[in-house]
């Protein structure tokens, strides 16, 4: 059985985001997605204007799959970064909580993630979805046989 650990993360996230994009009833960018930065440490909005939302939702689903049960605060730490503060030393800041919360709410509405007592976990439907995407990625590229 192929799992998310057996394929490269970039290829898996791209495959999941393509599948999420096709489900436009549940997964759609919010109205403010064109204007938002992804954290305090970021200087600009995301460069991939059209599909950055689906990539972030797919990445959050993979993070919950690998590290769940996990809360929003820990996911914010994962998506944080170092802010350039001019002549002062750089400092680490967390990522945007609103983006993460909105993505998790969409994943919950889609049935891929649920709330437990310790944080968010992947449901059996979500686990089979991620595993099927990992299997599809592994089948498409023969050089992944070593993973």
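Numbering (this note's numbering), first residue to last: 134 to 280. We put the CB at the ideal spot given by N, CA and C, even for glycine. Everything numeric in this text was worked out from a predicted model, so none of it was measured.
Asked, Found
"7 angstroms CB neighbourhood of residue 262 in its chain, flanking five on each side removed", "245"
"Residue 220 versus residue 192: straight-line alpha-carbon distance, rounded", "33 angstroms"
"C-alpha distance - residue 267 paired with residue 208, whole-angstrom precision", "22 angstroms"
"Residue 242 - containing alpha helix (DSSP H), residue span", "230-243"
"Rounded C-alpha distance that separates residue 242 from residue 155", "15 angstroms"
"C-beta contact flag for residue 255 and residue 194 at 9 angstroms", "yes"
"Cβ pair residue 173, residue 236 closer than 9 angstroms", "no"
"Residue 186 classed as buried or exposed, judged by whether at least 16 other C-beta atoms fall within 10 angstroms", "buried"
"Pairwise C-alpha distance: residue 143 and residue 212", "15 angstroms"
"Limits of the unbroken beta strand (DSSP E) element including residue 254", "253-255"
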